[in-house]
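> Per our numbering, the sequence shown starts with residue 34, numbered consecutively.
Note that the Cβ used here is the ideal one computed from N, Cα and C, for glycine as well.
Bear in mind that the values here come from a model prediction, so they are computed numbers and not experimental data.
Please see the structure below; I have some questions.
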Amino acid sequence: MLILTIESVPGKKIKEVVGLVKGSTIRAKHIGKDIGAGFKQLVGGELTGYDEMLTEARKIAIARMVDDAKSQGANAIIGFRLTSAAVMQGAAEMLAYGTGVILEDE
């Protein structure tokens with residue numbers, strides 16, 4: 034599956050727009066990571082536990098978006114975006130979305 038942030042693909046034409054495709058996941062902080070992050074705030078540095086959690090959340094959201102695109106018959110996603118939002122204290126949603134399209138050679 035081709036995933037692009039741009040709206041067109043050089044050498045290809047959009048045969049059909051299948052529409053919005055999306056995938057999301059909600060992740061909560063692990064108490065152990067929270068304690069470790071609290072100590073890191075005192076001395077500074079990268080919060081690797083949170084970094085790993087967000088990397089995993091992005092991968093899951095993108096995979097779910099690809100599954101959604103495939104189920105709608107798309108062979109590419111254009112206008113790809115990622116966003117996150119807090120849904121409650123200690124939990125956040127990662128959302129991947131774009132426009133599912135069917136591309137063909139020009």
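Given a cut-off of 7 Å, decide if ARG91 and MET127 are closer than it, judged by their beta-carbon atoms.
The sequence position of residue 127 within the sequence shown is 94, counting from 1. The sequence position of residue 91 within the sequence shown is 58, counting from 1. Contact flag set, yes.
> Let me know the secondary structure DSSP gives LEU37 once reduced to three states.
Within the sequence shown, the letter at position 4 stands for residue 37. Reduced to three states, the DSSP call for LEU37 is coil.
> Going by DSSP, name the residue or residues bridged to THR58.
Against the sequence shown, residue 58 aligns to sequence position 25. MET127, per the DSSP bridge assignment.
> DSSP has GLY106 in a bridge; who is on the other side?
The sequence position of residue 106 within the sequence shown is 73, counting from 1. Answer by DSSP bridge pairing: none, since GLY106 is not bridged.
> Select from SER57, ILE111, THR38 the residue whose C-alpha is nearest the C-alpha of ALA118.
The count along the sequence shown starts at 1 and reaches residue 118 at position 85. Out of SER57, ILE111, THR38, SER57 has the C-alpha closest to the C-alpha of ALA118.
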